[in-house]
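Same order as they appear, the protein sequences are chains E and W.
Heads up, the first sequence is in the working numbering, so the first residue is 1 and it goes up one at a time.
Heads up, the second sequence is in the working numbering, so the first residue is 331 and it goes up one at a time.
All residues carry an ideal CB built from backbone N, CA and C; glycine is no exception.
Everything numeric in this text was worked out from a predicted model, so none of it was measured.
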Amino acid sequence: MTGADAAIADALRACLVPLFGTDAVIERLALLAGGASKEAWAADVRAADVRHELLVRRAGGGVIHSHTLSLEHEYRLVSVAYAAGVRVPRPLAYLEDLAGRPAFVAERVAGETIGRRIVQRPELAAARAAMPAQLAEELAKIHAIPLDAVAFLGRAAAGDVVDRVERELDAADEPHPAIELGIAWARAHPPKARPAVLNHGDFRVGNFVVGERGLDYVLDWEFGHVGDPLEDVGWPLVRSWRFGADDLRLGGVGRVEPYLERYNALTGRNVSIAELDYWEVVGNLKWAVGSVTQSRRHLSGQERSVELAVLGRLTAEVEYELLDLLERAG
Amino acid sequence: MQDRPDAAELAQAVREFLETEVLSTVQDPRLRFRMLVAINGIGILERELAAGSAPMRREIAALTQLLGVAEAPDDADLRAQARSLNRELALRIRGGNAPEGTLAPVKAIVADKLRIASPRYLERFRE
Numbered sequence: 001m002t003g004a005d006a007a008i009a010d011a012l013r014a015c016l017v018p019l020f021g022t023d024a025v026i027e028r029l030a031l032l033a034g035g036a037s038k039e040a041w042a043a044d045v046r047a048a049d050v051r052h053e054l055l056v057r058r059a060g061g062g063v064i065h066s067h068t069l070s071l072e073h074e075y076r077l078v079s080v081a082y083a084a085g086v087r088v089p090r091p092l093a094y095l096e097d098l099a100g101r102p103a104f105v106a107e108r109v110a111g112e113t114i115g116r117r118i119v120q121r122p123e124l125a126a127a128r129a130a131m132p133a134q135l136a137e138e139l140a141k142i143h144a145i146p147l148d149a150v151a152f153l154g155r156a157a158a159g160d161v162v163d164r165v166e167r168e169l170d171a172a173d174e175p176h177p178a179i180e181l182g183i184a185w186a187r188a189h190p191p192k193a194r195p196a197v198l199n200h201g202d203f204r205v206g207n208f209v210v211g212e213r214g215l216d217y218v219l220d221w222e223f224g225h226v227g228d229p230l231e232d233v234g235w236p237l238v239r240s241w242r243f244g245a246d247d248l249r250l251g252g253v254g255r256v257e258p259y260l261e262r263y264n265a266l267t268g269r270n271v272s273i274a275e276l277d278y279w280e281v282v283g284n285l286k287w288a289v290g291s292v293t294q295s296r297r298h299l300s301g302q303e304r305s306v307e308l309a310v311l312g313r314l315t316a317e318v319e320y321e322l323l324d325l326l327e328r329a330g
Numbered sequence: 331m332q333d334r335p336d337a338a339e340l341a342q343a344v345r346e347f348l349e350t351e352v353l354s355t356v357q358d359p360r361l362r363f364r365m366l367v368a369i370n371g372i373g374i375l376e377r378e379l380a381a382g383s384a385p386m387r388r389e390i391a392a393l394t395q396l397l398g399v400a401e402a403p404d405d406a407d408l409r410a411q412a413r414s415l416n417r418e419l420a421l422r423i424r425g426g427n428a429p430e431g432t433l434a435p436v437k438a439i440v441a442d443k444l445r446i447a448s449p450r451y452l453e454r455f456r457e
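Structural data, given as structure tokens:
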């Protein structure tokens, strides 16, 4: 361990004593992913002869973004979801001050998270077959969580996804006629309004842990918010989240129909494919602007990253899909 | 004028080096992924340098025609021109008075961008 790692290990051990007892020992600590906004650490802790494999998410040294949840709120949200029976890695503790920054500790889970592998690997074929119904089941559980359990999220008006996209585009200060066409289309085709529910906010392949039986865990809750349930239901259809398996509209793993049928059966919401068509367009709209915004994090120096830089150029992929959908919709 | 290699050739040399000599030595999966992203980034640069000003001139011609505005003088800054035309079109769409038949030329411009940024993505749409 380097000096900095040792400092974190000491701080972490002190924080974990209330959880695991005074004989807790940190056997291994490794930084899995750094970043200006968040760090992820793997920690193995031994206490009373039991080994605990933990994941520690800790704030990074950079600017905290207003459009994502704080670590504290993310921890509270995951805790509420866990209590509601949603498949999330078990949250263990929120640490207000882990060597100077907030962090939270959860059980560390194993499984596949890389999108391209989930849609391609032959040994995950059975998992893919099971996923449409499983995704619907998790969403139904998330969308059934009472809003008063997540009052800390605040209540941005549910109908304003398109306004949000427009504000985000204006902030990037770069003209994008393709995105404007998408915004105009979405405004001209307002969906049937539905009562707001808790949204995961980034429910798609890439944020799932997949094992041989299919979906094991739903990760990455930092975009959680209150909104139209179909914003979540339509999001995994976006072509970017099919990771090259373009023919399988549901995240490159399956067809939309069994997913929607299961969701409707569990929620009684009677969502039609036509409604999902609208939300797929809006999803592409969100991601087109999202990729512009992400590249700005690099360009502004907020988080220098070759991935974020190249993402700016890949905005054109999402715009092309968006325009293709508009053309088909007529 | 700089000596050869020209800009595209230099970018190609760096990409080939990363692909053939560096990539195989990178074990950490996250670092390997970022290396592939970086190699892709250099590929974009190579295609952009090789294409020169032709795509931007096509974009300016298409937008000029769509908006029905006068063409700028030959020596004008292409990037500034393209930006101002795009801004004008964006404002018209936002204001609810997009020119008739805006979608097709905008899609063609995005396709032209993809020929540089992600040519294989564009191929996936040819069914």
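Contact list for the segment 434–447 of chain W against chain E, Cβ threshold 7 Å: 436, 437, 440, 441, 443, 444, 447
Three-pair Cβ contact test at 8 Å for the segment 280–298 of chain E versus the segment 345–354 of chain W: The segment 280–298 of chain E is not in contact with the segment 345–354 of chain W.
Nearest-angstrom Cβ-Cβ length linking residue 322/E and residue 285/E, presumed shorter than 8 Å: Stepping through the first sequence from its first residue, residue 322/E is reached at position 322. Stepping through the first sequence from its first residue, residue 285/E is reached at position 285. The Cβ separation is near 6 Å, so the contact holds.
Span of the alpha helix (DSSP H) around residue 231/E: Along the first sequence, read from residue 1 onward, the residue named residue 231/E stands at position 231. That run of the alpha helix (DSSP H) goes 229–234.
Positions along the segment 306–324 of chain E whose CB lies within less than 8 Å of some CB in chain W: Flagged, chain order: 306, 307, 309, 310, 313, 314, 316, 317, 319, 320, 323, 324.
Three-way DSSP call (helix, strand, coil) for residue 26/E in this model: Indexing the first sequence from 1 puts residue 26/E at position 26. Looking at residue 26/E - three-state DSSP - the assignment turns out to be strand.
Local Cβ density within 10 Å of residue 391/W, reported as buried at 16 or more and exposed below that: Residue mapping note: residue 391/W aligns to position 61 of the second sequence, counting from 1. With fewer than 16 Cβ atoms within 10 Å of its Cβ, residue 391/W is classed as exposed.
Between the CA atoms of residue 184/E and residue 96/E - distance to the nearest angstrom: One-based indexing of the first sequence puts residue 96/E at position 96. One-based indexing of the first sequence puts residue 184/E at position 184. When rounded, the distance between both Cα atoms is 44 Å.
Where the beta strand (DSSP E) through residue 115/E begins and ends: Locating residue 115/E in the first sequence gives position 115, where the first residue counts as 1. Looking at the DSSP string, residue 115/E is not in any beta strand (DSSP E); the run it does join, the alpha helix (DSSP H), is 115–120.
For residue 208/E, the residue or residues it bridges with in DSSP: Taking the first residue of the first sequence as position 1, residue 208/E is located at position 208. BP columns for residue 208/E point to 218/E.
Buried/exposed call for residue 299/E, threshold 16 Cβ in 10 Å: In the first sequence, residue 299/E corresponds to position 299, counting from 1. With fewer than 16 other Cβ atoms within 10 Å, it is exposed.
Interface partners of residue 359/E on chain W, CB under 7 Å: With chain E running from 1 to 330 in the structure shown, residue 359/E is simply not present.
Beta-bridge partners of residue 199/E, as assigned by DSSP: In the first sequence, counting from the first residue as 1, residue 199/E sits at position 199. In DSSP, residue 199/E forms a bridge with 225/E.
Opening and closing residue of the beta strand (DSSP E) in which residue 43/E lies: What you label residue 43/E is simply residue 43 of the first sequence in a count that begins at 1. It spans 38–47 - the beta strand (DSSP E) in which residue 43/E sits, taken as one unbroken run.
Supposed contact pair residue 55/E and residue 40/E - C-beta distance, whole angstroms, cut 8 Å: Within the first sequence, numbered from 1, the residue matching residue 40/E stands at position 40. Within the first sequence, numbered from 1, the residue matching residue 55/E stands at position 55. Indeed, because the Cβ distance is near 6 Å, the residues count as touching under 8 Å.
Residues in the segment 413–430 of chain W having any Cβ partner in chain E nearer than 9 Å: 413, 414, 415, 416, 417, 418, 419, 420, 421, 422, 423, 424, 426, 428
Per DSSP, cross-strand counterpart(s) of residue 91/E: Working through the first sequence from its first residue, we reach residue 91/E at position 91. Bridge partners of residue 91/E: 106/E.
Exposed unless 16 or more other CB atoms sit within 10 angstroms - verdict on residue 104/E: Position 104 of the first sequence, counting from 1, holds the residue named residue 104/E. It counts as buried.
Where residue 189/E falls: helix, strand or coil (DSSP): Taking the first sequence and counting its residues from 1, one reaches residue 189/E at position 189. Residue 189/E falls in the coil class under three-state DSSP.
Element boundaries [alpha helix (DSSP H), containing residue 133/E]: The residue labelled residue 133/E in the question sits at position 133 within the first sequence. It spans 125–143 - the alpha helix (DSSP H) in which residue 133/E sits, taken as one unbroken run.
Between the CA atoms of residue 375/W and residue 444/W - distance to the nearest angstrom: As a first step, residue 444/W must be located in the second sequence, where it is residue number 114. As a first step, residue 375/W must be located in the second sequence, where it is residue number 45. Straight-line Cα distance between these residues: approximately 13 Å.
Contact with chain W by residue 245/E, beta-carbon distance below 8 Å: As a working note, residue 245/E is residue 245 in the first sequence. So, not an interface residue.
Residue 57/E - partner residues in DSSP beta bridges: Residue numbering aside, residue 57/E sits at position 57 when the first sequence is read from its first letter. Looking at the DSSP assignment, residue 57/E forms a beta bridge with 40/E, 104/E.
Closer than 8 Å to chain W by CB, residue 181/E: The count along the first sequence starts at 1 and reaches residue 181/E at position 181. True, the Cβ-Cβ gap to chain W drops below 8 Å.
Chain-order list of residues whose beta-carbon lies under 7 Å from that of residue 270/E (same chain, five-residue window excluded): Here the question's residue 270/E lines up with position 270 in the first sequence. Here the set comprises 264.
Near-chain E residues of the segment 356–382 of chain W - C-beta to any C-beta below 7 Å: Those residues of the segment 356–382 of chain W placed with their C-beta closer than 7 Å to a C-beta in chain E are 360, 364, 367, 368, 370, 371, 374, ordered along the chain.
Delimiting residues of the alpha helix (DSSP H) encompassing residue 73/E: As a position in the first sequence, residue 73/E is number 73, starting the count at 1. Unbroken alpha helix (DSSP H) run through residue 73/E: 71–83.
Closer than 7 Å at the beta carbon, the chain W residues around residue 190/E: Within the first sequence, numbered from 1, the residue matching residue 190/E stands at position 190. Under the 7 Å cutoff, chain W gives no residues; its nearest Cβ is about 15 Å from residue 190/E.
Residue 243/E versus 318/E, 16/E, 289/E, 38/E, residue with shortest Cα-Cα distance: Along the first sequence, one-based indexing puts residue 243/E at 243. The option with the nearest alpha carbon to residue 243/E is 318/E.
Complete runs of the alpha helix (DSSP H) confined to the segment 223–305 of chain E [at least 4 residues]: Runs of the alpha helix (DSSP H) inside the segment 223–305 of chain E: 229–234, 256–267, 273–299.
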